[in-house]
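S.K.:
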Amino acid sequence: MNPNQLTEQLGLFLDVLESGSFSAASRRHPLTPSAVARRIDSLESAVGSQLFIRSTHAVRATPAGLAFAERARRIVAELQLARAEAVSLSSAPEGLIRIDAPAAFGRRHLAPVIADFLVLYPGLDVQLHLIDSFIDMHGSNLGKVDLVLRAGQMADTRLVATPLASMMRIACASPDYLKRRGAPSHPGQLSEHDGLDWEGLAPPFAWRFEQDGQMQLHRPSRIRMSANNAEALVCGALAGLGIAHLPTWLASEYLLRGELLPLFCENGLPQPESTGIYALRMEQQTNSRSRLLLEYLKTRFSPVPPWDLALQRELGRH
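Numbering of the sequence shown is given in UniProt numbering, commencing with residue 1 and proceeding in unit increments.
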C-alpha cells in the first residue's frame, strides 16, 4: 500500500469514527455506504481486530478501535507533514503567500499555525488579512490573494475548495444561567428558554438537532440578544443571558474552562455538519508555496480538529 492509499484508508476509518455512520462518512468520499463498509471490513481483517460495533442506527468504536484511532491520527498527520516537507525540499520554497481569513478563526486557530509554519520554512512569508466574513463562498478577493478561508456550501464551481476542518455546533450556556433556569434535557425544551441568535441570515445548521434520524429546528422562544457576529453571542452567553448554539472552534476554550456548559452531549459530541472549513483557490493560480501551506494546514486541522479532540477527551471524563 503506497502512502496515498494508506492516508486515504486511515482517513476513511477516522471519518467513520467521527461521524458515527458509514453513510455520513461516504458523503466525504466518492464512495457508497456499502463500499465504506467493505473497506472497513478489509481494514479490520488487516489489523486483526474488530474496530467497530455496528447497529442499525450507528457505528460505534470498540476499545481496540479507539486505541487504533490514536495511532491512525498520528500516522496520517506524519504522512501529510512528510509530503509537505518533501515538496519544500524539492522546490526550496521562497516568496509570499497572501491569505484572507475570518478574524475570529484567524486569531484563535490560524495565526498560531501559520507562525509554526513560518518557523519551519524560513524562505516563506505570509500576509494574513483578517476579515469579518466566514460564510461568503465566492472568494471575491482571489486574484488579490492566494487563498481564502471560508465555511459553508460552495457557491462557485470555478473555485477549488480544499477541506481543512469539519464543523459542528454545541448548544451551551453559562453555569449561572442554567442554575437559574434549569438545563433542558432535550432540544424540544429550548422553546422554554432565553437565547442568543444571529441577526439576519443565520448559518444553515444553527438550532438544528438530529432527532429520530432527521434534522429538526428548535430555538429559544425569547431572544435576549441578536448579533451579526458569533463572538458577540459568546459574550452574551458568558454573561448568562441565555443559550447559544455555537461552533466548537469558537466555543471550545470556554467549554474546556467550564465558563460555558455543553447541552445535549450525554452521548458525546454531535455529528459534524455536512459542510466544513475550506481553503479556496483558483486552480490556474495555485503555486507550490500555497500547496505547501495547504498540506501543513491539513496536517494541523484534520482529520479531527484539535479543538474537537480536546472536547472529546473532556466529555469522556464525565
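Ideal Cβ placement from N, Cα and C applies to all residues, glycine included. Predicted model only: the values in this text are computed from it and were never measured.
Would you report the Cα separation of G152 and P102, rounded to the nearest angstrom?
M.R.: Their backbone Cα atoms lie some 13 Å apart in a straight line.
S.K.: So, are the CB atoms of G20 and P163 less than 8 Å apart?
M.R.: Not in contact: G20 and P163 (Cβ atoms no closer than 8 Å).
S.K.: Of all the CB atoms in chain D, is at least one closer than 8 Å to the CB of G236?
M.R.: The displayed structure is made up of one protein chain only, and chain D is not part of it.
S.K.: Taking just the CA atoms, how far does L147 sit from S290?
M.R.: Approximately 7 Å, taken between the alpha carbons.
S.K.: Name the one or two DSSP bridge partners that Y278 has.
M.R.: Answer by DSSP bridge pairing, in chain order: R150, P163.
S.K.: When DSSP builds the beta bridges, which residues end up paired with C172?
M.R.: Partner(s): A244, P262.
S.K.: Considering L236, what are the terminal residues of the alpha helix (DSSP H) in which it resides?
M.R.: For the record, residue 236 in the displayed sequence is Gly; it is not Leu. Taken as a continuous stretch (DSSP letters only), the alpha helix (DSSP H) holding G236 covers 230 to 238.
S.K.: Name the DSSP bridge partner or partners of A227?
M.R.: In the DSSP output, where bridge partners are listed per residue, A227 has W198.
S.K.: Among all the DSSP beta bridges, which residues are the ones paired with R222?
M.R.: R222 pairs with D194.
S.K.: Apart from the five residues on each side of it in sequence, which residues of its chain come closer than 7 Å, Cβ to Cβ, to residue 373?
M.R.: With the chain running from 1 to 318 in the structure shown, residue 373 is simply not present.
S.K.: Please report the straight-line C-alpha distance between F301 and A165, rounded to a whole angstrom.
M.R.: Rounded to whole angstroms, F301 to A165 spans 5 Å at the Cα level.
S.K.: Count the CB pairs spanning the stretch 53 to 68 and the stretch 106 to 124 that are closer than 8 Å, and state whether there are at least three.
M.R.: With a cut-off of 8 Å, the stretch 106 to 124 and the stretch 53 to 68 do not count as touching, because too few Cβ pairs lie within range.
S.K.: Enumerated in chain order, which unbroken segments of the beta strand (DSSP E) with a length of 3 residues or greater are wholly contained in the UniProt domain "HTH lysR-type" (1 to 62)?
M.R.: Runs found: 52 to 54, 59 to 61.
S.K.: Within 10 angstroms of the Cβ of M137, are there 16 or more other Cβ atoms? Answer buried if so, exposed if not.
M.R.: With a pLDDT of 44 at M137, under the threshold of 50, the modelled position of that residue is not reliable, and no figure is offered here.
S.K.: For a quick check, are the C-beta atoms of E44 and V304 less than 8 Å apart?
M.R.: No, they are not a contact pair.
S.K.: Looking at the structure shown, is A183 part of a helix, part of a strand, or coil, going by DSSP?
M.R.: DSSP places A183 in coil when its eight states are reduced to three.
S.K.: Comparing alpha-carbon positions, which option in K144, P93, D15 lies nearest D100?
M.R.: Cα-wise, what sits closest to D100 is K144.
S.K.: Under the three-state reduction of DSSP, which class applies to L217: helix, strand or coil?
M.R.: The answer is strand: DSSP assigns L217 an E or B state.
S.K.: Can the beta-carbon of Q9 be found less than 8 Å from the beta-carbon of T299?
M.R.: No, the Cβ-Cβ distance between Q9 and T299 is not below 8 Å.
S.K.: Near L14, which residues of its chain fall below 8 Å by C-beta distance, leaving aside the five closest residues on each side in sequence?
M.R.: Taken in chain order, the residues that qualify are A69, A72, R73, V76, P303, V304.
S.K.: State buried or exposed for G11, treating a residue as buried only when at least 16 other CB atoms are found within 10 Å of its CB.
M.R.: When all chains shown are included, G11 counts as buried.
S.K.: CB L263 to CB I243, shorter than 8 Å?
M.R.: For L263 and I243, yes; Cβs fall inside 8 Å.
S.K.: Where N229 and Y121 are concerned, what is the direct C-alpha to C-alpha distance, given to the nearest angstrom?
M.R.: Distance between the alpha carbons of N229 and Y121 is about 34 Å.
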